[in-house]
Amino acid sequence: MAATTYIEAIGRGMREEMERDSSVFLMGEDIGAYGGAFKATRGFLEKFGPARVIDTPLSETAILGAAVGAALVGMRPIVEMQFADFVSCGFNQLVTNAATMHYRWHLPVPMVVRLPSGGYIHGGPFHSVNPEGWFFHVPGLKIVAPSTTEDACGLMKGAVRDNNPVLYLESKYLYRRVKGDVSGEVVEIGKGMVRRPGDDMVIITYGSTVQQSLDAADRLAREEGVETRVVDLRTLKPLDTGLILDAVRATGRVLIVHEDNLTGGIGGEVAALIAEGAFTYLDAPVRRLAALDTPVPFSPPLEEFVLPSQDKIFHALQELRRY
Amino acid sequence: MARVDVIMPQMGESIAEGTILRWLKKVGDRVAKDETLLEISTDKVDSEIPSPASGVLLSIEVPEQKTVPVQTVIAIIETEGAGGVAARGGESAAPDVTGVSAGVGGGVAGGGRGVLEAGVEPAGAGAGAGVLGAGGPSGGRFYSPLVLTIAKEEGVGLSELEQIPGSGEGGRVTKKDLLAYVERRRAASGGVKVSVAGPSPGARPGAGAVAGAGTPVDDPALRKKYPSPAYEVLQMSPVVQRMAQHMVLSVQTSPHVAAVHEVDMTAVVKHRGEHAAEFERREGFKLTYTSYIAGAVVKAIKKYPLVNSSVEGERIIQKNFINLGLAVASESGLIVPVIKHAEEKSLVGLARAVNDLAVRTRARKLTPDDIQGGTFTITNFGVFGTMIGVPIINQPQVAILGTGAITRRPVVTEDDAIAIRSIAYFTLSFDHRIIDGALGGMFLEEIVQNLERFDSGTKL
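Sequences listed follow chains E and F, in order.
Numbering-wise, the working numbering comes out as the position in the first sequence, counting from 1, plus 4.
Numbering-wise, the working numbering comes out as the position in the second sequence, counting from 1, plus 4.
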């Protein structure tokens, strides 16, 4: 059996949830006959029909508002933002409506928002956004960020079955670059994972920078004999604090890596958590490697300059090691 | 309110000096009578020394890692009495304490002043203050939270921390540096971690090799000459240093001659096979070949007592008792526990003594006397598969027996048949100053005969 791509794994997760539960349905722009901008839903219209695979107008606020309403009456919508960047148009529906329903009325809002995120694709400033920082601050939302095919499928299933609004960050860069086996098992939301063992240092990361981090850690082990643990957060909200603090206690040296901008990013929260929970275990200041605080440029050399890379992670590890 | 001197105790009849490994109390700490006050090392055995009195530790006269003769005053305890410490702190005791902390590389954590102040607080406060007081920059060096945490857990004082070379940026002490230091300190404290038949290939006389005997150390001078990771610089533990000195001394002292005899162990193997299970049920431990060999050696020494002697100038001191040393491999180096008065023991008695030493060696419960006074040594390198080895004499003895692995082999018997027998090679290394080839050969052959003609009816 050919290995499944990351985007196929997302599709498999959605398809199997739709097969399992008739209340699961899709909404989005051009997801029906066209199969989605990235073809994640190719064949879904034929299989599930127009009542469960709904093409919408180009209005994120309408799509997300409709999803909130559907969730309130017992459906489990999965909506696709064509690019994560555009979710900003529906921001109010998520942060004011979806996120607060439970607190106001004790009503569950089981909806999944697919957010094709990030750069490395020469998409320019309107098609390269990592939106997690915008929502990380908001109580009532969950955020997942798969980095593997197994998690792409498993976290989709976990997100659909969760009774809260879940933002599902999918890295466009990984869509067809990551391939692997998929068991079809549900992945529990809120659990990170150690992707690479090591007791000298730890990288805490998620999403598109997990593989870069693994490569950099392997290179450092090869060249300098230093073993770096790599922790994949997988869920950003709620954070797997136990796993993070355990890794810090085991290693004492921490590098946080993410593709999103540095300022106000997930890394700042992780660093604060470490300072509060594991200060006495730190042998070096916590370091962050993230995108520069600029929009993602269109020009490939500039994009490369702005975003994290295996090389940058490697050098950051070297510096951390020298401290 | 009296002062009680703590003296370096004599831990064995032949022991003249001891090394302070670790003070478990700091100046100013309260200590109860018989509570462990410090750890000392004599030769290769560590001992915990109880406090001779209840009171407050007024001063430490001998720092860690220093070696002094027995009966030396190593600390002073002020017995219970209100206000005594504080009052004295101002006058006579203060110079003492300051003197100690200035002269000590490690151990007396925190330095004199802070500790003395802490001394008037409830017990335990002193230790915390001494170590954790290091929170701020001290002596110009920065310590990370983790380094301070480890230092506290491992009881590494500030003054001690400051001695540790740092490999981090600007010479900062890293977690790795501190852990390596703690490991070295542990190894230096005698570390009698021993396995009688452990896999360590070194640490035995004859084999000569020293393996697993060092801990990584960062030596700036050598770092340049031997760049990591192509080289690893290891610190010899004190046990290994002593082993090295002893081996060189032995080879320089005694002209070694070795004789190798083949021994047919079939009778012994058969006897052990028949009795091993019942023996283990009854005694609770395994019956080993070592016990049989020890028995054969004791018998042979009785016939040729000159091998059981030592040399002093132009005099030979021949011993009319047999203290049988058994060389065993240990993680930190060679150790040779001794069966006292082996000549008085039956085979079962020897087996019990061998087992007792093995158990206590493993449990690190050997006393200094356990490794003193040997008159002849057996080293069983056969457990590592060695067929023939040439051991180095354990001074001041004059001979050592090395026993090779027992293997089943076809041999030509006396009636010209070919039979499968259990064969081993035994080596006797002897001091040719007083033992000639004739005596060496006859003595060794006597051991061989004792084993080959082992009485199958011997009761256990």
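Every residue, glycine too, gets a C-beta built ideally from N, C-alpha and C.
Fair warning: this is a prediction, and the values are worked out from it, not measured in the lab.
query, result
"In terms of residues, what are the limits of the alpha helix (DSSP H) holding Arg356 of chain F?", "Leu351 to Arg366"
"Quick check on the DSSP output: the beta strand (DSSP E) that includes Gly22 of chain F runs from which residue to which?", "Glu21 to Trp27"
"Measure the alpha-carbon distance for Glu228 of chain E versus Glu308 of chain E and round it to whole angstroms.", "26 Å"
"8 Å is my cut-off, CB to CB: does Gly184 of chain E come that close to chain F?", "no"
"Pull out every residue of the region 282-296 of chain E whose Cβ sits closer than 8 Å to any Cβ of chain F, in chain order.", "Phe283, Thr284, Tyr285, Leu286, Asp287 and Ala288"
"Just list the residues that DSSP pairs Gln322 of chain F with in beta bridges.", "F:Ser313"
"Three Cβ pairs or more, each shorter than 8 Å: is that satisfied between the region 375-383 of chain F and the region 394-411 of chain F?", "yes"
"Measure from the C-beta of Val151 of chain F to each C-beta in chain E and report whether the shortest distance is under 8 Å.", "yes"
"Could you name the residues of chain E that Thr178 of chain F contacts, counting a contact when the two beta carbons are closer than 7 Å?", "Asp287"
"Given a cut-off of 8 Å on the beta-carbon distance, is the pair Val235 of chain E and Ile207 of chain E in contact?", "yes"
"Examine chain F for any beta-carbon lying closer than 8 Å to the beta-carbon of Arg326 of chain E, and answer yes or no.", "yes"
"Going along chain C, which residues have a C-beta under 7 Å from Pro233 of chain F?", "Among the protein chains of the structure shown, namely E and F, there is no chain C."
"Is the beta carbon of Gly188 of chain E closer than 8 Å to that of Glu20 of chain E?", "yes"
"With a threshold of 8 Å between beta carbons, is Gly256 of chain E in contact with chain F?", "yes"
"Check whether chain E comes within 8 Å of Gly353 of chain F, counting only Cβ atoms and requiring the distance to be less than that.", "no"
"If the cut-off is 7 Å on Cβ atoms, which residues from the region 150-169 of chain F count as contacting chain E, listed in chain order?", "Leu150, Val151 and Thr153"
"Should Leu62 of chain E be labelled buried (16 or more other beta-carbon atoms within 10 Å of its own) or exposed?", "exposed"
"Just to confirm my understanding: we take Val352 of chain F, look at its own chain, exclude 5 residues before and 5 after, and list those with CB closer than 6 Å. What are they?", "Leu464"
"Along the chain, where does the alpha helix (DSSP H) that runs through Asp155 of chain E open and close?", "Thr153 to Arg165"
"Express the C-alpha separation of Lys229 of chain F and Asp181 of chain F in angstroms, rounding to a whole number.", "20 Å"
"Helix or strand or just coil, what does DSSP make of Asp33 of chain F?", "coil"
"Under 8 Å, Cβ to Cβ, is there at least one residue of chain E near Ser148 of chain F?", "yes"
"From Val415 of chain F to Gly406 of chain F, what does the alpha carbon distance come to, in whole angstroms?", "22 Å"
"Tell me where the alpha helix (DSSP H) around Val272 of chain F begins and ends.", "Thr270 to Glu287"
"For a cutoff of 8 Å on Cβ pairs, would you count Val196 of chain F as touching chain E?", "Bear in mind that a pLDDT of 38 at Val196 of chain F, under 50, signals an unreliable position, so the number given afterwards is only what the model happens to contain. Answer no: the Cβ-Cβ gap between Val196 of chain F and chain E never drops below 8 Å."
"Classify Arg457 of chain F: buried if its beta carbon has 16 or more other beta carbons within 10 angstroms, exposed otherwise.", "exposed"
"Are Val182 of chain E and Val148 of chain E touching if we call contact CB-CB under 8 Å?", "no"
"Whose C-beta lies closer than 8 Å to the C-beta of Phe146 of chain F among residues of the same chain, with five residues either side of it excluded?", "Arg176"
"For Thr417 of chain F, count neighbouring Cβ atoms within 10 angstroms of its own Cβ and tell me buried if that reaches 16, exposed if not.", "exposed"
"Between the alpha carbons of Tyr359 of chain F and Arg190 of chain F, how many angstroms are there, rounded?", "Before going further, note that residue 359 of chain F is Asn rather than Tyr in the sequence given. When rounded, the distance between both Cα atoms is 27 Å."
"On the DSSP letters alone, give me the boundaries of the beta strand (DSSP E) that Asp435 of chain F sits inside.", "Ile422 to Asp435"
"For Ala133 of chain F, count the other beta carbons within 10 Å of its own beta carbon; 16 or more makes it buried, fewer makes it exposed. Which is it?", "With a pLDDT of only 32 at Ala133 of chain F, under the threshold of 50, the placement of this residue in the model should not be trusted; the figure read from the coordinates follows. Buried, since its Cβ has 16 or more Cβ neighbours within 10 Å."
"At 4 residues or longer, and completely inside the region 240-273 of chain F: list those alpha helix (DSSP H) runs for me, N to C.", "242-257"
"Tell me whether Glu43 of chain F sits in a helix, a strand or coil according to DSSP, three-state version.", "strand"
"Quick one: residues in its chain with C-beta nearer than 6 Å to the C-beta of Leu36 of chain E, no 5 flanking neighbours on either side, listed in chain order?", "The question names Leu, but residue 36 of chain E in the sequence shown is Gly. Excluding sequence neighbours, Gly36 of chain E sits near Leu49, Val57 and Asp59."
"Put Arg24 of chain E into one of helix, strand or coil per three-state DSSP.", "helix"
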